[in-house]
Structure formats: structure tokens, C-alpha cells
Amino acid sequence: MKVRGRIVLTIANPQTIDIIYASLIPETQDQPSYRSKSSIEKLPGRIVLAIEARDLVSFRAAVNSYLRLISVLIRVLSELD
């Protein structure tokens with residue numbers, strides 16, 4: 352069973368979008384697990400992260416990893432402001 356999902360980040364600041372996008376690209380290109388795949392797309396005002404996994408456990412692990420990374424990026428950027 353394949354599981355698919357999308358995370359859409361709506362961000363007002365274009366510079367923040369660029370930083371988060373640039374930080375997530377390496378994670379989507381060099382994926383250590385064969386159990387899940389992800390891709391990222393930058394659109395005006397938002398970032399779309401698509402995740403596909405072979406099973407629910409792998410999907411949940413991938414989503415949690417990306418959400419943790421995004422959370423850290425947002426916290427660091429807010430401290431720099």
C-alpha cells in the first residue's frame with residue numbers, strides 16, 4: 352500500500368521561502384531510505400513538499416522528519432530577525 356501526502360507552507364516573506372527551500376532541497380535529493388520518496392516545489396508565497404512512502408510507518412517517519420526540520424528552520428530564522 353502506498354501512502355501519499357503533501358505539506359504546504361504558506362509564507363509571506365520571499366526571503367524566508369528561499370532559505371527554507373534551499374535548506375530542504377538536499378534532503379529531497381539525497382534520500383537515505385528506499386521506503387519513502389519526497390519532492391519539493393517552490394511557488395509564489397508557498398512551498399509544497401510531496402511525500403510518498405511504501406507504508407504508513409515510513410510515511411509517518413518521513414513527515415515527522417520534515418516537520419522537525421521545518422520547525423527548527425523557522426525557529427532559527429525568527430531568532431535572527
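Take 352 as the starting number for the sequence shown in the numbering used here and just add one per residue. By construction, the Cβ of each residue, glycine as well, lies at the ideal position given by its N, Cα and C atoms.
Inset, instruction - Return yes when the Cβ of Leu400 is within less than 9 Å of the Cβ of Leu375, no when it is not. - result: For Leu375 and Leu400, yes; Cβs fall inside 9 Å.
Legend entry - Whole runs of the beta strand (DSSP E) within the stretch 365 to 397, excluding any shorter than 3 residues: Runs found: 387 to 394.
Legend entry - Proximity of Ile425 and Gly356 at Cβ, strictly below 9 Å: no
Inset, instruction - If I'm right that Ala372 touches Lys393 with Cβ under 8 Å, what's the distance once you round it to whole angstroms? - result: Residue identity differs from the one stated: residue 372 is Tyr in this sequence, not Ala. That belief holds up - the Cβ atoms of Tyr372 and Lys393 are roughly 5 Å apart, short of 8 Å.
Inset, instruction - With a 10 Å radius around its C-beta and 16 neighbouring C-beta atoms as the bar for buried, classify Ala404 as buried or exposed. - result: buried
Legend entry - Pick from Ser422, Asp369, Ile391 that is closest to Thr379, judged by C-alpha positions: Here the closest residue by C-alpha is Ile391.
Legend entry - Three-state secondary structure assigned by DSSP to Lys421: Looking at the sequence shown, residue 421 is not Lys but Ile. Three-state result, Ile421: helix.
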